[in-house]
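In our numbering, the protein residues as written are 17 to 222.
We put the beta carbon where it would ideally sit given N, CA and C, even for glycine.
One structure below.
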Amino acid sequence: MAIPHYTQLGQGFGSGPNGGAIDEVVYKNLFEITFVLPVILQAQQRNPLMLLQNALNIDFNLTEFDVKSVQQRFKYSTREFLTTPNQTSGDFTIKFNVNVNQVGSMENWNTMKAWYDLLFNSQNGTLHYKADMVGTVIVNQHDKKGVVLRRVTFQNVQLMKLQGYSLDWSSNDIVESVECTFKYDYFIDEYIDNNFTIAPPIISGY
Numbered sequence: 017m018a019i020p021h022y023t024q025l026g027q028g029f030g031s032g033p034n035g036g037a038i039d040e041v042v043y044k045n046l047f048e049i050t051f052v053l054p055v056i057l058q059a060q061q062r063n064p065l066m067l068l069q070n071a072l073n074i075d076f077n078l079t080e081f082d083v084k085s086v087q088q089r090f091k092y093s094t095r096e097f098l099t100t101p102n103q104t105s106g107d108f109t110i111k112f113n114v115n116v117n118q119v120g121s122m123e124n125w126n127t128m129k130a131w132y133d134l135l136f137n138s139q140n141g142t143l144h145y146k147a148d149m150v151g152t153v154i155v156n157q158h159d160k161k162g163v164v165l166r167r168v169t170f171q172n173v174q175l176m177k178l179q180g181y182s183l184d185w186s187s188n189d190i191v192e193s194v195e196c197t198f199k200y201d202y203f204i205d206e207y208i209d210n211n212f213t214i215a216p217p218i219i220s221g222y
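Written as structure tokens, this is what we have:
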């Protein structure tokens, strides 16, 4: 008698009763990050497309809330209860390429620096309200054909940290990338499940 996990291998581990249609894997490198910049940066005509094109990765740990277990006792028996999250806001990091354009401007780094300067401008001491500092970051995780599998929208995003870099005459390395740390108040997590669909369902350009 044929072994099922051997004979059904050619059917692609599908979700049907006998393997069904061939399923696809989830690729870590199929994603796009869209940035809606703070209004002040939009007025400066900063280009969010530069950030989209140069974003290399993002932390995506959104199912690890800080909850604790509390024990309740009844005589010699115990039972466990989980607390509500200690916090629902959070942070994430994105690494960006850094390059110089044809007129000598590190354009994408400049955009990140301008966002960071809304927190505190080290050159003139300018400060801004939170309402002036927040933007939106949208992460679309998609498949090979551009179908969005999951969309996470981070709301009220502030740029908290812009990583520096070192210069060294003894090094022949380049400033390849810099890392930014962002803070968000909450996020909207969308994925295809129980007839729920994502709109728009396709990444632009596919």
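Sorted by chain position, which residues of the same chain lie with C-beta nearer than 8 Å to residue i's C-beta, five sequence neighbours on each side aside?
i	result
Leu72	Ile110, Lys111, Phe112, Asn113, Ser193
Asp82	Pro101, Asn102, Gln103
Lys160	Glu40, Tyr43, Leu46
Met128	Leu67, Phe112, Leu175, Leu178, Val194, Cys196
Gly221	Gly162
Apply the 10 Å Cβ neighbour rule to residue i and answer buried if 16 or more other Cβ atoms are within range, or exposed otherwise.
i	result
Val150	buried
Val86	exposed
Asp189	exposed
Asn210	exposed
Leu98	exposed
Tyr200	buried
Val155	buried
For the putative contact between residue i and residue j, defined by C-beta atoms under 8 Å, what is the C-beta separation to the nearest angstrom?
i	j	result
Ile204	Thr169	4 Å
Ile219	Val164	6 Å
Val173	Thr152	6 Å
Tyr229	Ser105	In this structure the chain extends from 17 to 222, so residue 229 is not present and cannot be described.
Measure the alpha-carbon distance for residue i versus residue j and round it to whole angstroms.
i	j	result
Pro54	Tyr92	57 Å
Asp184	Ser121	21 Å
Phe76	Phe108	7 Å
Gln118	Leu67	17 Å
Gln61	Thr50	16 Å
Asn124	Thr94	56 Å
Glu96	Gln88	6 Å
Ser12	Asn126	This structure leaves residue 12 out entirely; the chain is present only between 17 and 222.
Lys84	Phe90	20 Å
Asn115	Phe212	40 Å
Gly162	Gln171	24 Å
Leu140	Glu80	Note on identity: in this sequence residue 140 is Asn, with Leu being the wrong assignment. Near 40 Å, if we compare the C-alpha coordinates of Glu80 and Asn140.
Pro217	Ile38	21 Å
Within the same chain, show all residues whose beta-carbon is closer than 6 Å to that of residue i, passing over the 5 residues directly before and after it, in chain order.
i	result
Tyr207	Arg166
Lys177	Thr197
His144	Leu134
Pro14	Only positions 17 to 222 of the chain appear in the structure, and residue 14 is not among them; the question remains open.
Gln157	Phe47, Leu165, Arg166
Ile56	Asp148
Tyr181	Val191
Lys146	none
When you measure from the CB of residue i to every non-hydrogen atom of the ligand NAP, does any distance come out below 7 Å?
i	result
Val155	Here there are no bound small molecules, and the ligand NAP is not part of this structure.
Leaving out five residues before and five after residue i in sequence, what residues of the same chain have Cβ atoms less than 7 Å from its Cβ?
i	result
Tyr132	Leu175, Leu178
Phe136	Leu143
Asn70	Phe112, Asn113, Asn124
Leu78	Val168, Phe203, Asp205
Ala130	Leu57, Gln60, Arg62
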